[in-house]
Amino acid sequence: MSTTVQRDHVFYRNPSKNYPTAVRAEGVMIYDQDGKAYIDGSGGAVVVSIGHGVREIDQAMRQQASRIAFAHGSQFTTEAAVGLARRIVDICPPGLEWVYFLSGGSEAIETAIKMARQYQVDRGMPSKYKVISRWTSYHGNTLGALALGGHTGRRKYYLPLIQHTPHIVPAYCYRCPFGRTPDACALECAADLESTILYEGPDSVSAFLAEPVVGATAGALVPRDGYFQKIREICDRYDVLLIVDEVMSGVGRCGKNFAIEHWGVVPDMIVGSKGLAGGYSPIFSVVTTEKVHTAIKEGNGAFVHGHTYSQNPLSCAVASAVLDYIRDHDLVARSAAMGAYLLQRLQRLYRNPIVGDVRGLGLMAGVEFVADRNTRRPFAPQLKLNALITNRAFEKGLIVYPGGGGADGVNGDHVLLAPPFVITEAQIDRLVEILDESISEITAEKNLV
Ligand SMILES: Cc1ncc(COP(=O)(O)O)c(C=O)c1O
Numbered sequence: 001m002s003t004t005v006q007r008d009h010v011f012y013r014n015p016s017k018n019y020p021t022a023v024r025a026e027g028v029m030i031y032d033q034d035g036k037a038y039i040d041g042s043g044g045a046v047v048v049s050i051g052h053g054v055r056e057i058d059q060a061m062r063q064q065a066s067r068i069a070f071a072h073g074s075q076f077t078t079e080a081a082v083g084l085a086r087r088i089v090d091i092c093p094p095g096l097e098w099v100y101f102l103s104g105g106s107e108a109i110e111t112a113i114k115m116a117r118q119y120q121v122d123r124g125m126p127s128k129y130k131v132i133s134r135w136t137s138y139h140g141n142t143l144g145a146l147a148l149g150g151h152t153g154r155r156k157y158y159l160p161l162i163q164h165t166p167h168i169v170p171a172y173c174y175r176c177p178f179g180r181t182p183d184a185c186a187l188e189c190a191a192d193l194e195s196t197i198l199y200e201g202p203d204s205v206s207a208f209l210a211e212p213v214v215g216a217t218a219g220a221l222v223p224r225d226g227y228f229q230k231i232r233e234i235c236d237r238y239d240v241l242l243i244v245d246e247v248m249s250g251v252g253r254c255g256k257n258f259a260i261e262h263w264g265v266v267p268d269m270i271v272g273s274k275g276l277a278g279g280y281s282p283i284f285s286v287v288t289t290e291k292v293h294t295a296i297k298e299g300n301g302a303f304v305h306g307h308t309y310s311q312n313p314l315s316c317a318v319a320s321a322v323l324d325y326i327r328d329h330d331l332v333a334r335s336a337a338m339g340a341y342l343l344q345r346l347q348r349l350y351r352n353p354i355v356g357d358v359r360g361l362g363l364m365a366g367v368e369f370v371a372d373r374n375t376r377r378p379f380a381p382q383l384k385l386n387a388l389i390t391n392r393a394f395e396k397g398l399i400v401y402p403g404g405g406g407a408d409g410v411n412g413d414h415v416l417l418a419p420p421f422v423i424t425e426a427q428i429d430r431l432v433e434i435l436d437e438s439i440s441e442i443t444a445e446k447n448l449v
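The opening position of the sequence shown corresponds to residue 1 in this note's numbering, with each subsequent residue numbered one higher.
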């Protein structure tokens, strides 16, 4: 890689970094301009579900573009939008039957919290407006979503611009906020929602928002069984809507259509998902219940909201083709099976003393690093350990998704793994081998033990 920084006109995420040019992709592999191959071990940022370069999607895209590529959602409906809404309802838990389309995950989160608010006003409960969320969470970078997220580093710059909203503790068993071991756990982290609702005043709380499996901020935090059941009960007790953010975990990623199904809980809204169009087109959705839809329809009559590309037919057709491909190739079951294999293979990483925890659900897995396994003390953030490991893996042809600040908002390092569902066992073996090598090389070079 050259050492001079790129001088084209793209305002890159990190303008001081040199990015290779991606020119081609197929299955789980991405190739750059020099022909170097990378295993897409994180599906970008947990986006690519059915794999790269699927011909059927290319065909669906061309077919739709040749008929109608755009019609504005305030003027028309289209067969593509109607068809996709039907397909999404079919894979949602029963009761979730109204689909609002968006083009980004943050946009979808903003939509869900506004939909919750308008629902409360339109049904005659205008005092209910607060959205409670959790620390160690990520819901997007727009200001409303950032306010609800619980990642200190991402919020820091923009604090003067965002609202202060109530946050509760995460369901983080490896770093239990109550110092419990699994045997002594009484789901205090779920009970924290109840006390926060009571402190805030139930009449002021509109909704609770949480990722069923935490992605970017902690690396695949999977809650204990019983957590979301208890959260659902508390929400019902205080007339609070339960919104689950399945932007990462949805559409098969965690081995079920939606991760929340692992606990048999039906939320009031599902926000999803990067995997809906699997990277082929930007499209997301908020799916809600008859209760919410009717309140708005019979209240104001219209949802006071909207975005230009919501419901655009090209993205809708692409997403339908992706859902068809997932169904026809049984890829949700494959995500569950390959996820179990990945988790089993990742156990080998424990031979590295800096690996503190390996966890996951389906094909969403996380590896958390610690300076001391006994105390679970994280590394100093100045070391940028997650970036060092990610960059070394990248050099070796493996893409993983790094993250920091999981332990307390500032400290903590992890990498997230989320390969396309079509990954093979041999490719998983290679992925784990490269990650293992990268961890042990960085450990030795930086004298970490
Ligand atoms: C759980 C979760 N919610 C929301 C978002 C925001 O999505 P977007 O980047 O498309 O705005 C993300 C993005 O990573 C996410 O992981």
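Note that CB positions come from ideal geometry on N, CA and C, so glycine has one too. These figures come from a predicted structure and were not determined experimentally.
* Asked: Just reading off the alpha helix (DSSP H) that Y174 is part of, what are its end residues?
  -> Where Y174 is concerned, there is no enclosing alpha helix (DSSP H), given that its DSSP letter is neither H nor E.
* V247: CB within 7 Å of a non-hydrogen atom of ligand 1 -> yes
* Could you please give the first and the last residue of the uninterrupted beta strand (DSSP E) stretch that includes T294? => Careful: T294 lies outside any beta strand (DSSP E), inside the alpha helix (DSSP H) at 290-298.
* Who are D413's beta bridge partners in DSSP? -> F369, G404
* Asked: What residues in its chain sit with their C-beta under 6 Å from that of H139, if we drop five residues either side in the sequence?
  -> If we look at H139 and ignore the five residues flanking it on each side, its Cβ neighbours are I109, A145, L148, G149, D245.
* **N- and C-terminal bounds of the alpha helix (DSSP H) containing L146** => 143-148
* Taking D228 as the reference, which of F284, R334, V265 has the closest Cα? -> What sits at residue 228 in the sequence shown is Phe, not Asp. Of the listed residues, the one whose Cα sits closest to F228 is V265.
* By Cβ distance, which residues of its chain are closer than 7 Å to V370, with the 5 residues on each side in sequence left out? -> I354, G356, R376, R377, P378
* To do: Locate the beta strand (DSSP E) running through A380, then write down its first and last residues.
  => No beta strand (DSSP E) holds A380; DSSP gives it neither H nor E.
* From the DSSP output, in three-state form, read off E97 for me. => strand
* Asked: Whose C-alpha, out of R67, R237, Y174, P223, is nearest the C-alpha of D203?
  -> R237
* Asked: Exposed or buried, V449, counting other C-beta atoms within 10 Å across all chains shown (16 or more means buried)?
  -> exposed
* Among Q59, V222, F421, Q347, which has the Cα closest to the Cα of L435? -> Q347
* Asked: Taking 7 Å as the cut-off, is the CB of G104 close to at least one heavy atom of ligand 1?
  -> yes
* **M269: first and last residue of the uninterrupted beta strand (DSSP E) it sits in** => 269-272
* From what residue to what residue does the alpha helix (DSSP H) around A116 run? -> Residue range 105-122 is occupied by the alpha helix (DSSP H) that includes A116.
* Secondary structure of M248, DSSP reduced to three states -> Coil at M248, not helix or strand.
* To do: Rounded to whole angstroms, what's the CA-CA distance from R224 to L417? Just pull it up for me.
  => Between R224 and L417, the C-alpha separation is close to 20 Å.
* Asked: Using the rule of at least 16 other Cβ atoms within 10 Å of the residue's Cβ for burial, across every protein chain shown, is F178 buried or exposed?
  -> exposed
* Bounding residues of the beta strand (DSSP E) (the contiguous stretch that carries K130) -> 130-134
* Who does E26 pair with in a DSSP beta bridge? -> M29
* To do: Going by CA-CA distance only, name the one from L159, V169, Y158 that's closest to R134.
  => V169
* To do: Return the bridge partner residues of A65 from the DSSP annotation.
  => Partner(s): none; A65 has no beta bridge.
* Would you check if the distance between the CB atom of M115 and the CB atom of T288 is smaller than 8 Å? => yes
* **Beta-carbon proximity list for N352, same chain, < 8 Å, skipping 5 on both sides** => D436, I439, S440, T443
* Indicate whether V247 and F208 have their beta-carbon atoms separated by less than 8 Å. => no
* Asked: Three or more C-beta pairs closer than 8 Å, one from the segment 74-83 and one from the segment 331-347: is that the case here?
  -> no
* **Rounded separation between A393 and V432 - CA only** => If you take the alpha carbons of A393 and V432, they lie about 10 Å apart.
* Measure how close the beta-carbons of I283 and F101 come, nearest whole angstrom, since I'm counting them as under 8 Å. => 6 Å
* **First and last residue of the uninterrupted alpha helix (DSSP H) at V10** => Per DSSP, V10 belongs to no alpha helix (DSSP H) and is neither H nor E.
* To do: Within its chain, find whatever has a CB closer than 6 Å to the CB of G226; leave out the 5 residues flanking it on each side and keep chain order.
  => Cβ neighbours of G226 within its own chain (closer than 6 Å, five residues either side excluded): L187.
* Asked: Under 7 Å from any heavy atom of ligand 1, does the C-beta of H139 make it?
  -> yes
* Please go through the segment 153-205 and give each complete alpha helix (DSSP H) segment of 4 or more residues, from N-terminal end onward. => 188-200
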